[in-house]
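Student: Before I ask anything, let me first share the structure, which is written out below as structure tokens.
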Amino acid sequence: MDYKVHKKHVVFITGAIATGKSRLSVDIATKYSGEIINCDKMQVYKGLDIVTNKITESAMKGMPHHLLGEIQPNVNFTAQDFCYHAVAVIRKVARSGRLPVIVGGSNSFIEALVDDPILSFQSKYECCFLWLDVSLPMLYSYVE
Numbered sequence: 296m297d298y299k300v301h302k303k304h305v306v307f308i309t310g311a312i313a314t315g316k317s318r319l320s321v322d323i324a325t326k327y328s329g330e331i332i333n334c335d336k337m338q339v340y341k342g343l344d345i346v347t348n349k350i351t352e353s354a355m356k357g358m359p360h361h362l363l364g365e366i367q368p369n370v371n372f373t374a375q376d377f378c379y380h381a382v383a384v385i386r387k388v389a390r391s392g393r394l395p396v397i398v399g400g401s402n403s404f405i406e407a408l409v410d411d412p413i414l415s416f417q418s419k420y421e422c423c424f425l426w427l428d429v430s431l432p433m434l435y436s437y438v439e
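Using the working numbering, read the sequence shown as starting at 296 and increasing by one per residue.
Below you can see the structure in the form of structure tokens.
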């Protein structure tokens, strides 16, 4: 007998700083009934909002955000820590019938989550990876 396992969907949005990752994550979460999970190494920490260009409350448009400003700055939050916390949130969001949208520029966090043989992430979730890129003149004008 051939049984197909129905995998839950997960969207990953990554790219360089100031490419519009946060804005796109809010748009996708709004359109597809999702919740956003931060995977930026610095934005997980409380404070540092301006330094890390953390999304503002108004820009969140009421969309739930997880792992954003939740960790004390004196804690060394590793890729393994991210995996532990992210998997718990992803399971909760997916079980509620909502779409987990993972957003941020820390590729080491994403790789740790997706490639960890113990987690078997890819066998449990259907992943869509979006890499945002913008022209340098546009990026420079935005960052200024």
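Ideal placement from N, C-alpha and C gives every residue a C-beta, glycine not left out.
#1: State buried or exposed for residue 404, treating a residue as buried only when at least 16 other CB atoms are found within 10 Å of its CB.
#2: Using the Cβ count rule (16 or more neighbours within 10 Å means buried), how would you classify residue 354?
#3: Going along the chain, which residues of its own chain have a beta-carbon closer than 8 Å to the beta-carbon of residue 356, five neighbours each way excluded?
#4: If distances are taken between C-alpha atoms only, which option among 341, 393, 363 and 308 comes closest to residue 369?
#5: Going along the chain, which residues of its own chain have a beta-carbon closer than 8 Å to the beta-carbon of residue 428, five neighbours each way excluded?
#6: Mapping DSSP to helix, strand and coil, what is residue 382?
#7: Could you give the C-beta distance for residue 328 and residue 394, rounded to a whole number, given that I count them as a contact under 8 Å?
#8: Does DSSP put residue 333 in a helix, a strand or coil?
#9: Please report the straight-line C-alpha distance between residue 423 and residue 333, rounded to a whole angstrom.
#10: Taking residue 419 as part of the alpha helix (DSSP H), name the residues at either end of that continuous run.
Tutor: On the basis of the data shown:
#1: Burial of residue 404 is indicated by the presence of at least 16 other C-beta atoms within 10 angstroms of its C-beta.
#2: Counting the other Cβ atoms within 10 Å of the Cβ of residue 354 gives fewer than 16, which makes it exposed.
#3: The residues are 321 and 325.
#4: The shortest C-alpha to C-alpha distance from residue 369 to any of 341, 393, 363 and 308 is the one to 341.
#5: Hits under 8 Å: 310, 311 and 314.
#6: In the structure shown, residue 382 sits in a helix (DSSP, three-state: H, G or I).
#7: With 8 Å as the limit, residue 328 and residue 394 qualify as a contact, their Cβ atoms being about 6 Å apart.
#8: Residue state, collapsed to three classes: strand.
#9: Rounded to the nearest angstrom, the gap between the Cα atoms of residue 423 and residue 333 is 16 Å.
#10: 416 to 419 is the span of the alpha helix (DSSP H), which, as asked, contains residue 419.
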